[in-house]
Amino acid sequence: MYTKPLALAITVGVMASQANAAGFLEDSKLSLSMRNNQIATDNRESQDRVGNTAYSGQNREWGQGFALRYSSGYTEGTVGFGLDALGLLGIRLDDGGRAGKAGETRTPGNMFPLESDGSAVSNYSRVAFTGKARVSKTELRVGTVQGNLPVFQTSSGHLFPQTYEGVQFTSKDISNLSLAGGYIEHAVGRSSTNATGMAVTGGTRQSNKFVYGGGDWAITKNLTAQYYYGQLEDYYTQNFAGLKHVWPIDDKQSLVTDLRYFRTDSDGANSTAAGRAKGYIAGGGYSSTGGEIDNRAWSASFTYSYLSHSLMVGHQRLSGGSGFFQLSQGSLPNENAHGASYYLQTDRQLSSFLRADERTSFAQYNYNFASLGYPGLRAGVIYLSADNIRTATGYRQKEWERDISVDYTVQSGALKGINFAVRQANLRTQASNDLDQVRFIVDYKVDIL
């Protein structure tokens, strides 16, 4: 399957419908989003357990991003056509050192692409387009797409979101049922300017076929069931089932139950020793068959909310012959396609707690200061503790992470809408290096149309 002919067909449809283009223009939207992001990471030596100031390197990154987004309306008629466009510009404000240079105590992170000498570029940009067509409550998108489903996620932790190239559809024509699916051929990393094939952590060979589909069924007003399927050719197949229930105890308090289950198995080349030897391999930890994907993951969380307070507690458990895997292009050679997000309750600032046999318990508390007379101010803390980790060098290893967040959105005046965020995280682990990280983020959006 090749998506460019489909994109061309939708473009022709848009041009052919200009006589009925009133909705196309009248419903158009144009906005400029700006993000200033500063990340300071200390990569502490994992064997330093007594407070010695030994480091394996420090990352200091600071950048300014501009994202110009245009979204047209739809042409009139039974089938409506439209066009979206995205323009991105990232400017490096600080990102010192050179990756791979001996003796460096400060190296670039993953916010910017790298020059041939290992230093970060001064700026980078890219432009993307999406053709779209709509019939009733069903929409087809061709070109640049993003994912927000259990088996297909978009990472947006730096200046810009990760994007994909392919075909995507959504439908709400059936009452109480939301359907989604797609065919993806390429990925563009959040800090990259070029499209690549797809892989998993540890994989060095590219796959150009990822298919997914599924839906959400609102069984009742407060109970939703989910099922989704994803397949990355020559790497894995994945089945997901979820159940979410909201219990509105009264007008001041509620209890949310969130149950999730993933089954992930090898596919194609990853299923054979010969295929794994070619680079269709899963890395990042223990595998009973040398890089073959074989994992089961389930989690249960319960969130109690009372007025401005919310408290979540939960547990996640992994089993099988490997860790948990989804799309991740970070290990593809010379592509700088870092960044991945996973639909796991444990996918946090520094770790995702997805190693083989890992068992994680977690608790999170959030508070909204509006009730104290400070609207727009929010804070939260989460603590995760894991054990039983199996790696290539050990078994029953442990790790923990603590994340603290503070956000403030200006409510009025000339700066109305600007959001300031601070993220502080500590990771202590026996499975890799210890990390400390602080992020300062400023987001602002201007609606032009």
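In this text, residue positions in the sequence shown follow numbering that gives the first Met the number 0: the first is 0, and each later residue adds one.
Note that the Cβ used here is the ideal one computed from N, Cα and C, for glycine as well.
Below 8 angstroms, enough C-beta pairs join the segment 439-446 and the segment 28-35 to call them touching: three or more. Per DSSP, T74 has no beta-bridge partner at all.
The three-state reading of DSSP puts S170 in strand, counting E and B together.
Ranked by Cα distance from A339, the first of G188, Y73, R91, G142 is G188. Beta-bridge analysis with DSSP links Q230 to V210, T236. In terms of CA proximity to R347, A424 leads the group G289, Q429, A424.
In this structure, D83 keeps its C-beta atom at 9 angstroms or more from the C-beta atom of R43.
The count of Cβ pairs closer than 8 angstroms, one atom from the segment 69-88 and one from the segment 115-127, reaches three, so the stretches are in contact. Residue range 272-276 is occupied by the alpha helix (DSSP H) that includes A272. Within the same chain, G375, L376, F419 come within 6 angstroms of Y407 by CB-CB distance, once the 5 residues on both sides are set aside. When the beta-carbon positions are compared, N221 and H244 come within less than 9 angstroms of each other.
In this model, P112 and V409 are separated by some 32 angstroms (Cα to Cα). W216 and T169 have their C-alpha atoms spaced approximately 14 angstroms apart. P332 counts as exposed, since fewer than 16 other C-beta atoms from the protein chains shown sit within 10 angstroms of its C-beta. Look at the segment 338-405 and you find no whole run of alpha helix (DSSP H) that is 4 residues long or longer. A Cβ-Cβ distance of about 10 angstroms is found for the pair Y228 and G214, leaving them out of contact under the 8 angstroms criterion.
Between T263 and N294, the C-beta spacing is below 9 angstroms. When beta bridges are read from the DSSP output, F65 appears opposite M33, L88. For G241, the pairing in a beta bridge is given by DSSP as Q225, R259. Within the same chain, and ignoring the five residues on either side of T203 in sequence, the residues whose Cβ sits closer than 8 angstroms to its Cβ are G278, I280, S330, L331, P332. Taking all protein chains shown into account, A385 has 16 or more neighbouring C-beta atoms within 10 Å of its C-beta and is therefore buried.
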